[in-house]
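Residue numbers (full-length UniProt numbering), protein chains in the order written: chain A, 1 to 223; chain B, 1 to 338. Every residue gets a Cβ at the ideal spot worked out from N, C-alpha and C, and that includes glycine. If you're wondering where the values come from, they're calculated on a predicted model, not measured in any experiment.
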Amino acid sequence: MVMLQPSDYQAISLTLQLAAVTTAILLVLATPVAWWLAFTGSRWRGWVQAIVAMPLVLPPTVLGFYLLLALGPNGFIGATLESLGGRHLAFSFTGIVIGSVIYSLPFAVQPLTEAFRAMGKRPLLVAESLGATRWQALRTIALPLCRGGFVVAATLVFAHTLGEFGVILMIGGSIPGETQVLSVLIYDHTEALNYSAAHALSLGLIAFAVVVLAVVYGRRPQQ
Amino acid sequence: MSLYVKGSVPLQHFALQFDLTLPNKGITAIVGPSGSGKTTLLEVIAGLRKTSAVKIRFGKQQWQSASNFMGLAERRMGLVLQDPMLFPHLTVADNLRYGWQRAQQHFLSWDEVIQRCGVAELLEQKPPQLSGGQQQRVAFARALLAQPQVLLLDEPFSALDEATRQHFVAYLREVSAQHGLPVLWVSHQLTDIAEVSDYIVLLSRGKITSSGALVEQLRHEPLRSMLAMAVMATPLPGLDEDASKRLRIYARDVSISLQPVSHSSVRNQLWSTIHAVHESSHDAECLVELEYHGQYFFALISNAAWQQLALSVGQRVVAHIKSAALHHPVSQQLENTC
Numbered sequence: 001m002v003m004l005q006p007s008d009y010q011a012i013s014l015t016l017q018l019a020a021v022t023t024a025i026l027l028v029l030a031t032p033v034a035w036w037l038a039f040t041g042s043r044w045r046g047w048v049q050a051i052v053a054m055p056l057v058l059p060p061t062v063l064g065f066y067l068l069l070a071l072g073p074n075g076f077i078g079a080t081l082e083s084l085g086g087r088h089l090a091f092s093f094t095g096i097v098i099g100s101v102i103y104s105l106p107f108a109v110q111p112l113t114e115a116f117r118a119m120g121k122r123p124l125l126v127a128e129s130l131g132a133t134r135w136q137a138l139r140t141i142a143l144p145l146c147r148g149g150f151v152v153a154a155t156l157v158f159a160h161t162l163g164e165f166g167v168i169l170m171i172g173g174s175i176p177g178e179t180q181v182l183s184v185l186i187y188d189h190t191e192a193l194n195y196s197a198a199h200a201l202s203l204g205l206i207a208f209a210v211v212v213l214a215v216v217y218g219r220r221p222q223q
Numbered sequence: 001m002s003l004y005v006k007g008s009v010p011l012q013h014f015a016l017q018f019d020l021t022l023p024n025k026g027i028t029a030i031v032g033p034s035g036s037g038k039t040t041l042l043e044v045i046a047g048l049r050k051t052s053a054v055k056i057r058f059g060k061q062q063w064q065s066a067s068n069f070m071g072l073a074e075r076r077m078g079l080v081l082q083d084p085m086l087f088p089h090l091t092v093a094d095n096l097r098y099g100w101q102r103a104q105q106h107f108l109s110w111d112e113v114i115q116r117c118g119v120a121e122l123l124e125q126k127p128p129q130l131s132g133g134q135q136q137r138v139a140f141a142r143a144l145l146a147q148p149q150v151l152l153l154d155e156p157f158s159a160l161d162e163a164t165r166q167h168f169v170a171y172l173r174e175v176s177a178q179h180g181l182p183v184l185w186v187s188h189q190l191t192d193i194a195e196v197s198d199y200i201v202l203l204s205r206g207k208i209t210s211s212g213a214l215v216e217q218l219r220h221e222p223l224r225s226m227l228a229m230a231v232m233a234t235p236l237p238g239l240d241e242d243a244s245k246r247l248r249i250y251a252r253d254v255s256i257s258l259q260p261v262s263h264s265s266v267r268n269q270l271w272s273t274i275h276a277v278h279e280s281s282h283d284a285e286c287l288v289e290l291e292y293h294g295q296y297f298f299a300l301i302s303n304a305a306w307q308q309l310a311l312s313v314g315q316r317v318v319a320h321i322k323s324a325a326l327h328h329p330v331s332q333q334l335e336n337t338c
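If you want it as structure tokens, here you go:
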């Protein structure tokens with residue numbers, strides 16, 4: 001058994017933080033998007049769905065490349081922040097959070113859209129007919145009925161963020177404690193021919209991924 | 001005070017068009033074959049389908065117009081749809097409480113509704129464990145417990161056996177009459193609904209073919225030859241029926257003679273006047289419309305008999321009604337059903 005170095009622990013902690021923050025942001029962000037996609041009759045639905053699904057098809061490097069340009073000191077977002085007295089977001093934790101959110105967006109939106117569509121609007125309308133406000137109907141009916149969708153979305157986003165590599169490397173580089181997540185560290189270990197360290201982290205990730213996916217897919221369908 | 005609905009909704013093969021002023025009491029039946037648009041009409045009234053070209057007014061409340069859409073909660077309507085739509089994650093008790101606890105005033109008591117709907121034993125169960133009939137009973141109870149100002153029903157008792165259905169129909173009539181609760185009831189079974197409704201709307205391919213008070217509609221086509229029945233208010237002078245309910249009299253249970261018959265098993269004999277004679281659904285028979293103290297009913301007799309007795313419009317005759325033919329909905333406590 002190889003002993004992990006402090007830098008390994010730092011990367012593990014950073015990775016978990018990134019995954020947790022990304023999951024939290026995406027659940028809030030993806031819910032209204034998924035709701036709209038599930039119920040809209042708009043002719044723009046297909047386009048929005050395509051944009052949401054784009055990270056599934058694009059090489060992460062493409063996404064990372066444009067994000068790096070936008071978030072960097074000369075990019076639209078980075079330059080705006082600098083002119084306001086802030087700091088640009090390339091090679092920062094915030095930068096890789098933004099990258100992760102975009103990269104994992106379809107993993108949150110798709111299961112939620114499915115869940116909302118499967119539920120339909122009827123239960124909410126019935127709840128309203130029984131005197132509930134729109135908000136009460138969402139909280140007491142939609143949320144519990146779509147719990148499965150939220151669990152799947154959160155788990156997939158979390159797991160997917162753990163395995164993220166290309167986008168982070170492009171936007172964040174490999175700054176220990178700031179942007180050096182597990183996958184990047186494994187890459188660094190391998191480049192340095194430190195195979196035993198790479199093995200330890202890789203096997204850990206494999207085990208974690210198997211367990212998480214087994215739990216998600218093994219969930220009993222809701223009664 | 002009434003329910004006014006007007007509008008047009010495009011459907012797959014035709015447009016649903018309606019312009020109706022429905023009574024604000026009693027039971028209004030909306031009847032039509034499958035695919036005639038009756039469910040859509042109910043859903044539009046309930047606000048389940050948001051369409052702009054619809055006006056709905058309930059009494060003084062504007063429910064819907066081109067510029068205005070009143071929320072479903074404010075409409076205070078009891079909805080029972082074909083799919084009972086119980087909340088699967090809540091127990092039956094919590095389903096029932098959902099509307100009950102949000103109601104402002106309670107004119108229907110919790111205990112009464114629970115008992116009359118026969119759901120006391122189901123309270124701790126979750127909806128997926130219930131049979132179709134049980135789910136319908138819970139859905140009906142839930143709608144009542146929300147203390148609605150109008151009930152909108154779409155085939156609400158389709159999964160119940162006949163005896164239980166009769167019980168619910170009687171209870172519905174009772175609640176509607178006692179509390180002045182108007183009921184809109186969608187059904188494809190004309191015979192089932194004709195016996196309980198006060199007002200009837202017939203739909204065919206999106207068009208309203210006729211609408212009006214049931215008593216009147218039964219005297220005219222298409223209901224006259226389709227149903228060949230009459231509904232009369234009781235007590236009828238001369239009839240030994242004690243119930244102050246409505247009687248449903250089928251034309252086939254009524255015969256005619258020129259004089260009272262003394263040795264007959266038929267107990268109810270009414271001196272009536274022949275008001276008119278109509279064609280029946282059978283070539284060899286005719287429907288004789290009889291008038292009795294301002295109320296109308298039919299006798300189904302053969303053309304041969306009409307000629308043999310030399311009957312004519314305006315003539316006084318004796319109508320014989322089989323006692324067993326004086327149908328009225330039974331009211332009883334629901335015990336072990338389904």
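Rounded C-alpha distance that separates residue i from residue j
i	j	result
L202 of chain B	Q149 of chain B	24 Å
W100 of chain B	L145 of chain A	21 Å
G218 of chain A	G148 of chain A	12 Å
S36 of chain B	F14 of chain B	9 Å
T21 of chain B	S211 of chain B	10 Å
A209 of chain A	D161 of chain B	53 Å
S302 of chain B	R224 of chain B	17 Å
V277 of chain B	W185 of chain B	32 Å
A305 of chain B	S255 of chain B	10 Å
A173 of chain B	Y296 of chain B	Just to set this straight, residue 173 of chain B is Arg in the shown sequence, not Ala. Looking at the two C-alpha atoms, the distance is approximately 23 Å.
G47 of chain B	V151 of chain A	32 Å
V313 of chain B	R248 of chain B	24 Å
A159 of chain B	E128 of chain A	25 Å
F87 of chain B	Q125 of chain B	12 Å
T161 of chain A	L205 of chain A	12 Å
Y9 of chain A	G166 of chain A	21 Å
V181 of chain A	Q134 of chain B	56 Å
K50 of chain B	E121 of chain B	38 Å
L14 of chain A	A159 of chain A	14 Å
Assigned secondary structure, residue i (DSSP; H/G/I helix, E/B strand, else coil)
i	result
Q307 of chain B	helix
P38 of chain B	Sequence check: residue 38 of chain B is Lys here, not Pro. If DSSP states are grouped into helix, strand and coil, K38 of chain B belongs with the helices.
S225 of chain B	helix
E289 of chain B	strand
A29 of chain B	strand
F165 of chain A	coil
H189 of chain A	helix
L123 of chain B	coil
L58 of chain A	coil
A53 of chain B	coil
L203 of chain B	strand
W44 of chain A	coil
I256 of chain B	strand
Per DSSP, the bridge partner or partners of residue i
i	result
Q17 of chain B	B:S8
Y250 of chain B	B:M229
L300 of chain B	B:L287
H278 of chain B	B:L287
P23 of chain B	B:S2
Cβ of residue i within 8 Å of any chain B Cβ
i	result
R219 of chain A	no
L138 of chain A	no
V21 of chain A	no
L203 of chain A	no
E82 of chain A	no
L125 of chain A	yes
residue 252 of chain A	Only positions 1 to 223 of chain A appear in this structure, which leaves residue 252 of chain A out of reach.
E114 of chain A	no
R122 of chain A	yes
8 Å Cβ cutoff, residue i in contact with chain A
i	result
P10 of chain B	no
A159 of chain B	no
L184 of chain B	no
L79 of chain B	yes
M85 of chain B	yes
R137 of chain B	no
G59 of chain B	no
H13 of chain B	no
G37 of chain B	no
H220 of chain B	no
**Message:** Going residue by residue through the region 129–196 of chain B, where are the continuous alpha helix (DSSP H) segments of at least 4 residues, counting only ones entirely within it?
**Reply:** If only complete runs of 4 or more residues are kept, the region 129–196 of chain B shows the alpha helix (DSSP H) at 132–145, 162–179 and 190–194, in order along the chain.
**Asked** Along the chain, which unbroken stretches of the alpha helix (DSSP H) at least 4 residues long are found entirely within the region 69–144 of chain A?
**Response** Counting only runs of 4 or more residues that sit fully inside the region 69–144 of chain A, the alpha helix (DSSP H) segments are 76–83, 93–119, 122–129 and 134–137, in chain order.
**Prompt:** Unbroken beta strand (DSSP E) runs of length 3 or more, entirely within the region 59–108 of chain B: which are they?
**Reply:** Listed in chain order, they are 61–65 and 77–80.
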